[in-house]
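The letter at position 380 of the first sequence is residue 1098 when you use our numbering, and the numbering goes up by one with no holes. Note that beta-carbon positions come from the ideal geometry of N, C-alpha and C, so glycine has one too. Each remark here refers to the structure printed beneath this line.
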Amino acid sequence: MLSVKWIRENIDVVRDSLKKRRAKADLDSFLRWDEERRKCAKEGDELKYLQNKKSKEIGKLKKEGKDIGDLVNEMQELAGKIKNLERKKKEYESKVNNFLLNLPNRLHPDVPWDENEEVKRWGKIPEFDFSVKDHQRIGEDLGILDFKAGAKVTGSGFVVCKGLGARLERALINFMLDLHIEQGYEEVLPPFMTNTSSTIGTAQLPKFREELYKCEKDDYYLVPTAEVPVTNLHREEILKEKQLPICYTAYTPCFRREAGAYGKKIQGMIRVHQFNKVELVKFTTPETSYEELEKLLQDAEEVLKRLKLPYRVVKLCGEELGFAASFGYDIEVWLPSQERWLEISTCSNFESYQSRRASIRYREESTGKTRYVHTLNGSGLAVGRCVVAILENFQDREGRVHIPEVLWPYMDGVRIIGKNS
RNA sequence: GGAGGGGUGUCCGAAUAGGCAAGGAGCCGGUCUUGAAAACCGGUGAAGGGCAUAGCGCCUGUCUGGGUUCGAGUCCCAGCCCCUCCGCCA
């Protein structure tokens, strides 16, 4: 979230950010609540000052064995007033707080206005001299993806990978993790459920409750991304400046309800309720976060480069940028069956939005003061969609799929998935 | 699931109702040293927020939320988390 003080002093920036996002918030009410809150705090402080002073006197008088009857009556009245003011203050405080939790991050000035902006393309879009199949057809024909089984075991929007399909998924996870370790990230295998505090910390709650699967009995949420458990590793901590940047990579499955997201272009494995993802998460100083974002983006891109999948990078516009992000890129991989780009990674800088919510700070060496870290993350990459891209881009006339060379060691040497392999 | 113990700063840890929430480690500086370590001396260090401001300062703050009290780290109630033992279990 944003700091109240900062909002108060930069109200125009907040308004502009909201406009760019095409989002709305009742800033005027917020400012009023904040003012009331401060008024109560000030009055309360003055009374408490009196209370502290007098109650010390009482202690002294009592020791001397003097009568304190009148003074105590006066104090009871004072205590009552303080209690009322505190109650009022808390009401305004919770209004302010609730508002802050539902207010999106402010945008970096470089965020484009109306449309995503392409900043880079890599690889050659494949040309086929036969009619291409979509991943769903390929997967089912080869017997490696089973949507019917997923629907039976759980429901629609779940898929079962079988045989070399399952193996491919697992190979990709291992390949990605190994690559990111080589790039300097520390591997983490976090819990796949998080508690309420963690889920608020990274801003999935309170606003995106509908997107989450919840275990009602325990108040735990299935993770929609590894970002949640991994960022919260350092919740309510004060880190040392020397430790930064901290870079983690983590594999988790991701669970998303995708409420109301059904549509034409998202059949098969492109949008499902459970998918695998390898995530990159960084904690940095405010001064280095944008540098680190560029590196993080490159680290994610490297996955596609090594797989030899054509992709492009776009700078996200205000409307498409995530609620908690200040600035971000999407990496999009080529999808032959639909002849379009498919989002396969989002790399974002949250600046201090998450760290303020989750209270993740560091002590600055030069001043000894605590400051909020900047948090960043990006998919490196969405594994299911990577399988989709491999099946489609590397299909041949016979309906077989050629496995990228970097994955051979992870596939026990299997180079082609065909009907009988 | 049952029984017991615990939660105080960056870390360890004292304070069981009446006073700036000890002390130590750490960190920074110095003395000593060829250099470092050790030792010694000094300093720093309690989140976060609000108010005041030339400057000193004031309020809040001991896991969270309530309560008792003139006054709560300390007493009472509820909750969360951690540890030990027992039970169950892959």
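Local conformation of residue i per DSSP, three classes
{"i": "residue 954", "result": "coil"}
{"i": "residue 968", "result": "strand"}
{"i": "residue 867", "result": "helix"}
{"i": "residue 1035", "result": "coil"}
{"i": "residue 1052", "result": "strand"}
{"i": "residue 899", "result": "helix"}
{"i": "residue 932", "result": "strand"}
{"i": "residue 1069", "result": "strand"}
{"i": "residue 994", "result": "strand"}
{"i": "residue 761", "result": "helix"}
{"i": "residue 1120", "result": "strand"}
{"i": "residue 1060", "result": "strand"}
{"i": "residue 949", "result": "helix"}
{"i": "residue 881", "result": "coil"}
{"i": "residue 719", "result": "coil"}
{"i": "residue 1040", "result": "coil"}
{"i": "residue 987", "result": "coil"}
{"i": "residue 843", "result": "coil"}
{"i": "residue 999", "result": "strand"}
{"i": "residue 1089", "result": "strand"}
{"i": "residue 769", "result": "helix"}
{"i": "residue 1113", "result": "strand"}
{"i": "residue 740", "result": "coil"}
{"i": "residue 973", "result": "strand"}
{"i": "residue 824", "result": "coil"}
{"i": "residue 1133", "result": "coil"}
{"i": "residue 873", "result": "coil"}
{"i": "residue 893", "result": "helix"}
{"i": "residue 910", "result": "coil"}
{"i": "residue 748", "result": "helix"}
{"i": "residue 848", "result": "coil"}
{"i": "residue 1045", "result": "strand"}
Cβ pair residue i, residue j closer than 9 Å
{"i": "residue 939", "j": "residue 951", "result": "no"}
{"i": "residue 880", "j": "residue 864", "result": "yes"}
{"i": "residue 1075", "j": "residue 719", "result": "yes"}
{"i": "residue 955", "j": "residue 1105", "result": "no"}
{"i": "residue 994", "j": "residue 891", "result": "yes"}
{"i": "residue 825", "j": "residue 721", "result": "no"}
{"i": "residue 819", "j": "residue 924", "result": "yes"}
{"i": "residue 1052", "j": "residue 843", "result": "yes"}
{"i": "residue 1091", "j": "residue 957", "result": "yes"}
{"i": "residue 946", "j": "residue 917", "result": "yes"}
{"i": "residue 928", "j": "residue 975", "result": "yes"}
{"i": "residue 837", "j": "residue 1032", "result": "yes"}
{"i": "residue 1133", "j": "residue 1126", "result": "yes"}
{"i": "residue 962", "j": "residue 1137", "result": "no"}
Assumed close pair residue i, residue j - CB separation to whole angstroms, cut-off 8 Å
{"i": "residue 743", "j": "residue 920", "result": "Contact doesn't hold; Cβ gap of about 20 Å is too wide."}
{"i": "residue 839", "j": "residue 1030", "result": "4 Å"}
{"i": "residue 1044", "j": "residue 1069", "result": "5 Å"}
{"i": "residue 1109", "j": "residue 853", "result": "4 Å"}
{"i": "residue 1046", "j": "residue 1065", "result": "6 Å"}
{"i": "residue 857", "j": "residue 875", "result": "About 15 Å separates the two Cβ atoms, so there is no contact after all."}
{"i": "residue 841", "j": "residue 1026", "result": "7 Å"}
{"i": "residue 789", "j": "residue 765", "result": "Not confirmed; about 16 Å, so no contact."}
{"i": "residue 1038", "j": "residue 834", "result": "6 Å"}
{"i": "residue 911", "j": "residue 941", "result": "7 Å"}
{"i": "residue 1001", "j": "residue 964", "result": "4 Å"}
{"i": "residue 996", "j": "residue 894", "result": "4 Å"}
{"i": "residue 1085", "j": "residue 1072", "result": "That belief does not hold up - the Cβ atoms of residue 1085 and residue 1072 are roughly 23 Å apart, past 8 Å."}
heavy atom of the ligand COA below 8 Å from residue i C-beta
{"i": "residue 1044", "result": "As presented, the structure is devoid of all ligands, the ligand COA included, so that no description of it is given."}
Residue range of the unbroken beta strand (DSSP E) whose run includes residue i
{"i": "residue 834", "result": "Element bounds for residue 834: n/a, residue is neither H nor E."}
{"i": "residue 1100", "result": "1092-1100"}
{"i": "residue 940", "result": "938-940"}
{"i": "residue 904", "result": "904-906"}
{"i": "residue 1078", "result": "1078-1081"}
Run of the alpha helix (DSSP H) containing residue i, from where it starts to where it stops
{"i": "residue 1008", "result": "1007-1025"}
{"i": "residue 916", "result": "914-919"}
{"i": "residue 725", "result": "722-727"}
{"i": "residue 855", "result": "853-860"}
* Asked: Any contact of the region 1010-1026 with the region 1084-1099, i.e. 3+ C-beta pairs under 8 Å?
  -> In short, these stretches touch, since the Cβ pair count reaches three.
* Asked: Contact between the region 845-855 and the region 735-754: three or more CB pairs below 8 Å?
  -> Touching, no, given that fewer than three Cβ pairs across the two stretches are closer than 8 Å.
* To do: Taking 8 Å as the threshold, find out whether the region 969-976 comes into contact with the region 1000-1011 through three or more Cβ pairs.
  => As far as the Cβ criterion goes, the region 969-976 does not touch the region 1000-1011, which means the pair count is below three.
* Per the contact definition of three or more C-beta pairs closer than 8 Å, is the region 763-773 in contact with the region 725-737? -> Judged by Cβ distances under 8 Å, the region 725-737 makes no contact with the region 763-773, as fewer than three pairs qualify.
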